[in-house]
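Undergrad:
Protein chains: 2
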Amino acid sequence: MKLSTRSRYGTRLMLDMAENYNNGPIHLMKIAQRQGISVKYLEQIIIPLKKALYVKSVRGPKGGHILAKPPEEITVGEIVALLEDGVSLVECSYNEAVCGRADICPTRHLWREAAQAMFAKLNSITLADLLNGTKIDNE
Amino acid sequence: MKLSTRSRYGTRLMLDMAENYNNGPIHLMKIAQRQGISVKYLEQIIIPLKKALYVKSVRGPKGGHILAKPPEEITVGEIVALLEDGVSLVECSYNEAVCGRADICPTRHLWREAAQAMFAKLNSITLADLLNGTKIDNE
DNA sequence: ATTATACTATACTAAAATATTATAGATCAT
DNA sequence: ATGATCTATAATATTTTAGTATAGTATAAT
């Protein structure tokens, strides 16, 4: 039940673009250097973020990527849901066809509620929140 | 970020024993049949549950397994934390040595809080709650 | 127009984690 | 003693994750 590097790197990728939101498109290469992640891998991870219209790209020299909307309007929950392929901890949460026991299983709704609790938290935090450091308890 | 079958099967295993708490030790074979899980796999999964003293076993014929305490006193959160090896979504949550960026990473505490939100929910639900069906919204 | 830069698309491979089975042995009620 | 049942360890198979490679396409700058 660990978060994949897709989600973790993807969040840092988005956060890097959030930091540079007012500097125009940023080269993935630059982000890769700053974040210590390979360009090739970032290129993979950014695809769904582009498709979901969280990111815009500009090709050619002086090109790069930039958030499609301000950091205040993008939550971590959206990013994670996208990169983890949904908000469920188990396949049966929103598709009971995957398991013959779905209709009688006492745990099915439990897992859905646990995931909901987690995403309620993630959905309440925007990239802007992360940048300015408030809203998260730094222990 | 899916739950492993260890956690899922383990919870159902514990739930089956909870249902039979007043019937004495239950053969794993019986549970395997009822739950549609191989005995061999259940034998694996029950090891940590025994070590953590949630389950007692009786060897020999007429032997079996039984909860070491009543279903009211065991939460799903405890089971999942045990079978998933901890309550964190990322390695760095409680061990910053695993990542050189841990001290400056804006996402580190985020993941910890997300996991905490999930476990707050799971810790609030006991096996008894699951059995009697209240406390979980069946949608 | 050409070129260099940067993004795009698809496919491939390697490594790790998960899931599952197998083998051999220990315990104990009967 | 026997056979049912749990126990321990190892082996294997499968799936997922992570990451790389190759061959492009678009475009700003010259």
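Here the protein sequences come in this chain order: X and Y.
Counting from -13, one number per residue, gives the positions in the first sequence under my numbering.
Counting from -13, one number per residue, gives the positions in the second sequence under my numbering.
For every residue, glycine included, the Cβ atom is placed at its ideal position computed from N, Cα and C.
1. Is there a Cβ from chain X that is less than 8 Å from the Cβ of Y:R124?
2. Give me the residue from X:I90, X:I122 and X:A67 with the minimum Cα distance to X:C78.
3. Given this structure, state the Cα-to-Cα distance separating Y:L35 from Y:Y80, to the nearest angstrom.
4. Would you call the CB atoms of Y:T112 and Y:E59 closer than 8 Å?
5. Consider the Cβ of X:G(-4): report whether some Cβ of chain Y lies at a distance smaller than 8 Å.
6. Could you spell out the range, first to last residue, of the alpha helix (DSSP H) harbouring Y:H95?
7. In or out: X:G86 buried (at least 16 other Cβ within 10 Å) or exposed?
8. Report the rounded CA-to-CA distance for Y:W19 versus Y:L69, giving the unit in angstroms.
9. Under 8 Å Cβ to Cβ from X:I122, same chain only, skipping five residues before and after it: list those, please.
10. Heavy atom of the ligand HEM less than 7 Å from the Cβ of X:V41, yes or no?
11. Between the alpha carbons of X:Q66 and X:S(-7), how many angstroms are there, rounded?
12. With DSSP as the reference, identify every bridge partner of X:I12, one or two as the case may be.
13. Measure the Cβ-Cβ separation of Y:A103 and X:K107 and say whether it is below 8 Å.
14. Within the 8 Å Cβ cut-off, does X:V25 reach chain Y?
15. Answer with buried or exposed for Y:E64, where buried requires no fewer than 16 other C-beta atoms within 10 angstroms of its C-beta.
16. The beta strand (DSSP E) spanning X:V76 covers which residue range?
17. Cα separation between Y:D2 and Y:L(-11)?
18. Between X:P57 and chain Y, is the shortest Cβ-Cβ distance under 8 Å, so that the two count as touching?
19. What does Y:A106 touch in chain X if you count any residue whose Cβ is under 9 Å from its own?
20. Determine, for Y:P92, whether the minimum Cβ-Cβ distance to residues of chain X falls below 8 Å.
21. Taking the alpha carbon of X:Y(-5) as the point to measure from, which residue in X:P92, X:N118 and X:Q30 has its own alpha carbon closest?
22. Would you report the Cα separation of X:E5 and X:W97, rounded to the nearest angstrom?
23. Is the Cβ-Cβ distance between Y:G50 and Y:V44 less than 8 Å?
24. Between which residues of its own chain and Y:A101 is the CB-CB distance below 6 Å, once the five residues before and five after are set aside?
25. Just to confirm the assignment, what range does the alpha helix (DSSP H) spanning Y:S(-7) have?
26. Indicate the three-state DSSP secondary structure (helix, strand or coil) for X:K37 in the structure shown.
27. Return the bridge partner residues of Y:K42 from the DSSP annotation.
TA: The answer reads as follows:
1. To locate residue 124 of chain Y, count along the second sequence from 1; it is residue 138. Looking at the sequence provided, one finds Asn at residue 124 of chain Y rather than Arg. It does: the Cβ of Y:N124 has a partner Cβ on chain X nearer than 8 Å.
2. For this step, residue 78 of chain X is matched to residue 92 along the first sequence. That would be X:I90, whose Cα lies nearest to the Cα of X:C78.
3. In the second sequence, the residue the question calls residue 35 of chain Y occupies position 49. In the second sequence, the residue the question calls residue 80 of chain Y occupies position 94. In this structure, the straight-line span from the alpha carbon of Y:L35 to that of Y:Y80 is close to 23 Å.
4. Numbered from its first residue, the second sequence carries residue 112 of chain Y at position 126. Numbered from its first residue, the second sequence carries residue 59 of chain Y at position 73. The Cβ-Cβ distance between Y:T112 and Y:E59 falls below 8 Å.
5. Numbered from 1 along the first sequence, position 10 holds the residue referred to as residue -4 of chain X. X:G(-4) does not count as touching chain Y.
6. Residue mapping note: residue 95 of chain Y aligns to position 109 of the second sequence, counting from 1. DSSP places Y:H95 in the uninterrupted alpha helix (DSSP H) bounded by R94 to N109.
7. Numbered from 1 along the first sequence, position 100 holds the residue referred to as residue 86 of chain X. It counts as exposed.
8. Stepping through the second sequence from its first residue, residue 19 of chain Y is reached at position 33. Stepping through the second sequence from its first residue, residue 69 of chain Y is reached at position 83. The amino acid occupying residue 19 of chain Y in the given sequence is Gln; Trp does not appear at that position. Rounded to the nearest angstrom, the gap between the Cα atoms of Y:Q19 and Y:L69 is 22 Å.
9. Within the first sequence, residue 122 of chain X is the residue found at index 136, counting from 1. For X:I122, the CB contacts under 8 Å within the same chain, skipping 5 residues up- and downstream, are I111, D115 and L116 in chain order.
10. For the structure depicted, the ligand HEM is absent and the ligand set is empty, with no information on it obtainable.
11. As a first step, residue 66 of chain X is located in the first sequence; it is residue number 80 there, counting from the start. As a first step, residue -7 of chain X is located in the first sequence; it is residue number 7 there, counting from the start. A small fix is needed here, since residue 66 of chain X is Val in this sequence, not Gln. For the pair X:V66 and X:S(-7), the Cα-to-Cα distance works out to about 5 Å.
12. The count along the first sequence starts at 1 and reaches residue 12 of chain X at position 26. Note: X:I12 sits in a beta bridge opposite X:H51.
13. For the purposes of this step, residue 103 of chain Y is taken as residue 117 along the second sequence, with counting starting at 1. For the purposes of this step, residue 107 of chain X is taken as residue 121 along the first sequence, with counting starting at 1. Contact flag set, yes.
14. The residue you call residue 25 of chain X lines up with position 39 of the first sequence. Not one chain Y Cβ lies under 8 Å of X:V25.
15. Walking along the second sequence from the start, residue 64 of chain Y turns up at place 78. With a 10 Å radius around the Cβ and a threshold of 16 neighbouring Cβ atoms, Y:E64 comes out buried.
16. What you label residue 76 of chain X is simply residue 90 of the first sequence in a count that begins at 1. Careful: X:V76 lies outside any beta strand (DSSP E) and carries neither H nor E.
17. Locating residue 2 of chain Y in the second sequence gives position 16, counting from the first residue. Locating residue -11 of chain Y in the second sequence gives position 3, counting from the first residue. Rounded to the nearest angstrom, the gap between the Cα atoms of Y:D2 and Y:L(-11) is 19 Å.
18. Locating residue 57 of chain X in the first sequence gives position 71, where the first residue counts as 1. For X:P57, the answer is no, since every Cβ of chain Y falls outside 8 Å of its Cβ.
19. What you label residue 106 of chain Y is simply residue 120 of the second sequence in a count that begins at 1. Within chain X, the C-beta atoms nearer than 9 Å to that of Y:A106 come from A103, in chain order.
20. If you number the second sequence from 1, residue 92 of chain Y lands on position 106. Interface residue (Cβ-Cβ distance to chain X less than 8 Å): Y:P92 is classified as such.
21. Reading the first sequence from its first residue, position 9 is the one you call residue -5 of chain X. Ranking the options by Cα distance to X:Y(-5), first place goes to X:Q30.
22. One-based indexing of the first sequence puts residue 5 of chain X at position 19. One-based indexing of the first sequence puts residue 97 of chain X at position 111. Computed Cα separation, rounded: 35 Å.
23. What you label residue 50 of chain Y is simply residue 64 of the second sequence in a count that begins at 1. What you label residue 44 of chain Y is simply residue 58 of the second sequence in a count that begins at 1. Against a cut-off of 8 Å, the Cβ pair of Y:V44 and Y:G50 comes out as a contact.
24. Looking up residue 101 of chain Y in the second sequence gives position 115. Excluding positions up to five away in sequence, the list reads V73, S74 and L75.
25. Taking the first residue of the second sequence as 1, we reach residue -7 of chain Y at position 7. Y:S(-7) -> alpha helix (DSSP H) spans T(-9) to E5.
26. Translated into positions along the first sequence, residue 37 of chain X becomes position 51. Correct three-state label for X:K37: helix.
27. Locating residue 42 of chain Y in the second sequence gives position 56, counting from the first residue. Bridge partners of Y:K42: Y:I52.
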